[in-house]
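What follows is a short report on a single structure.
Numbering (my numbering), first residue to last: 4 to 270.
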């Protein structure tokens, strides 16, 4: 992973989220990674660059971390175990969300579009142990999505959210069925989009067994429409419990809400 940058963009959506932000009760109690569990809720959205002055450098590196985790739906049968051990890193249902009103507001506001809205629970883990959650959303093009990348919650003295996301704008070409290899015409202008880690793992091992390395040159089908632009959001920010955290970029944004979760595991 390349070095994370601290969020420094202007807070363009201050008025839009003022009500939500004002209702959060900050809790800066230091976390104990051996005891504390957290629920993390995430909204990633695209926003129109009003000033149209954002430059898009092409000398960027896109990669997934080795310590990655894909959120899966909870398929456990509670009837077989009425008091199951707490499961971490499970994709939560929408009934467990708190930011539904924010998603509704964003989708109704001109120039904004929600790309993904997910939530999960996990124990507090440090820099070396905390996995990167694979994120994708928006329009799908072959094996790729408009939004891709990873994000994670890290416990040091305080809580931090770390994001390494990229949003790809694809060109549409009539008669191609939305499947063109790479970026015809300007093959060297943008980097190759990395293969989703689990697809790369499957192509290497031939099954779903975990692998220790990710083959980004995997033979997995990489066909997609030509790339117009790629914008990267690579930031790290301290998080206060029960308070909305905002990561900003002229063309995309991230809302993160972290709350303390009481484990339901049997004693």
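Cβ atoms here follow ideal geometry from the backbone N, Cα and C, with glycine treated the same way.
Model, not experiment: these values are computed from the prediction.
query                                                                                                          : result
Classification of residue 132 by the beta-carbon crowding that lies within 10 angstroms, buried from 16 upward : exposed
Proximity of residue 105 and residue 258 at Cβ, strictly below 8 angstroms                                     : yes
Buried versus exposed, by CB contacts within 10 Å (16 or more), residue 60                                     : exposed
Limits of the alpha helix (DSSP H) - the one that residue 145 falls within                                     : Neither: residue 145 is in no alpha helix (DSSP H) and is coded neither H nor E.
Reduced DSSP secondary structure (H/G/I, E/B, other) of residue 1                                              : Outside the modelled stretch of the chain, which goes from 4 to 270, sits residue 1, for which no answer is possible.
Rounded straight-line distance, which links the Cα of residue 62 to that of residue 264                        : 41 angstroms
Alpha-carbon to alpha-carbon, residue 261 and residue 91                                                       : 15 angstroms
Exposure of residue 58, with buried meaning 16 or more beta-carbon neighbours within 10 Å                      : exposed
Candidates 144, 160 and 164: closest to residue 174 by CA position                                             : 144
C-alpha distance - residue 159 paired with residue 128, whole-angstrom precision                               : 8 angstroms
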